[in-house]
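Numbering (our numbering), first residue to last: 36 to 146.
For glycine and all other residues, C-beta sits at the position ideal for the given N, C-alpha and C.
If you're wondering where the values come from, they're calculated on a predicted model, not measured in any experiment.
One structure is given below, encoded as structure tokens.
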Ligand SMILES: [Zn+2]
């Protein structure tokens, strides 16, 4: 996917419930969530992420990983983050808590 134009990403407060586009968990009314919008190849789109997924996504992107919206779980699985060893390495590299990645991938911490 090429880089979007008119991209912006802001934290919003949910006025109605949404689903996180990465982990599929419910963002309930009143929760803060990451709202990102842009135009990809002429196609305007928007994505809603819970703050946990939003943080992992943003930090991966900043670290130079080419992760796409809705692909965060698959991307981390491809990086072998289901194994604790790799999860800790990736978490340290991008400066997130490895337990946040574990929660996203629904793996037990310590496995
Ligand atoms: Zn999420």
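Which residue or residues does DSSP assign as beta-bridge partners of residue i?
i, result
"residue 78", "75"
"residue 68", "47 and 85"
"residue 97", "BP columns for residue 97 are empty, so no partner."
"residue 61", "54"
Between the alpha carbons of residue i and residue j, how many angstroms are there, rounded?
i, j, result
"residue 37", "residue 134", "31 Å"
"residue 127", "residue 100", "14 Å"
"residue 138", "residue 49", "22 Å"
"residue 70", "residue 122", "26 Å"
"residue 85", "residue 74", "21 Å"
"residue 42", "residue 68", "17 Å"
Could you give the residue range of the alpha helix (DSSP H) that holds residue i?
i, result
"residue 123", "119–129"
"residue 52", "Looking at the DSSP string, residue 52 is not in any alpha helix (DSSP H), and its letter there is neither H nor E."
"residue 140", "133–140"
According to DSSP, simplified to helix, strand and coil, what is residue i?
i, result
"residue 12", "No answer is possible for residue 12: the residues shown for the chain start at 36 and end at 146."
"residue 106", "coil"
"residue 143", "coil"
"residue 114", "coil"
What residues in its chain sit with their C-beta under 6 Å from that of residue i, if we drop five residues either side in the sequence?
i, result
"residue 105", "56"
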